[in-house]
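Each residue of the sequence shown is one higher than the one before, counting from 1 in my numbering. I have placed the structure first, in the form of structure tokens, so that the comments after it can refer back to it.
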Amino acid sequence: MDKHRKLVGTLFILLGSVIMLAVSVMLTYNYLLGHLDNVIWNLIFIPISVSIMFSGHFLLKNKVQFYPYIIWVAVMNLIIVPIGPLISIYYFWFHYKYIRTQV
1 MDKHRKLVGT LFILLGSVIM LAVSVMLTYN YLLGHLDNVI WNLIFIPISV SIMFSGHFLL
61 KNKVQFYPYI IWVAVMNLII VPIGPLISIY YFWFHYKYIR TQV
């Protein structure tokens, strides 16, 4: 069980880091080209990536009080199409298989 918790936490942190890196590249590119309306739209993804990284941190530190928050982040991850649904489904499986039986 501990192995799955650490793996899901690491995947959340990696996904948040990749999103933050992509947002940084897009912000720089759009700013240099002068597309300021795109810069504002790109700023929306910063809180999303930070919340994903925080949820991975909470999983790695086994902060049980933040599990409802992590469920909402996993639901939010379902819209990040290539990788987000896979990580979210893995988290839902982990949560309902192990966490729900312990609480």
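The beta-carbon is built from N, C-alpha and C at its ideal position, and this holds for glycine as well. All figures in this text were calculated on a predicted structure; none of them were measured in a lab.
- Under the three-state reduction of DSSP output, I48 falls in the helix class.
- Boundaries for K97: no alpha helix (DSSP H) harbours it, and the DSSP string shows neither H nor E there.
- DSSP, reduced to helix, strand and coil, places I71 within a helical segment of the structure shown.
- Taking a contact as a CB-CB distance under 8 Å, the pair M53 and I13 counts as one, their CB atoms being some 5 Å apart.
- Sequence-distant partners of V50 (beyond 5 residues in either direction) whose C-beta falls short of 8 Å from its own C-beta, in its chain, are G16, M20.
- In this structure, DSSP gives M1 a state outside helix and strand, which the three-state scheme calls coil.
- Relative to the Cα of Y96, the nearest Cα in the group Y67, S55, T10 belongs to Y67.
- By a beta-carbon distance limit of 8 Å, I40 does not contact V23. Their separation comes to about 12 Å.
- Counting along the chain, the unbroken alpha helix (DSSP H) around I40 starts and ends at 36-42.
- Straight through space, the alpha carbons of I44 and K3 are spaced by roughly 33 Å.
- Excluding the 5 residues flanking it on each side, L78 has same chain C-beta neighbours closer than 8 Å at G84, P85, S88, in chain order.
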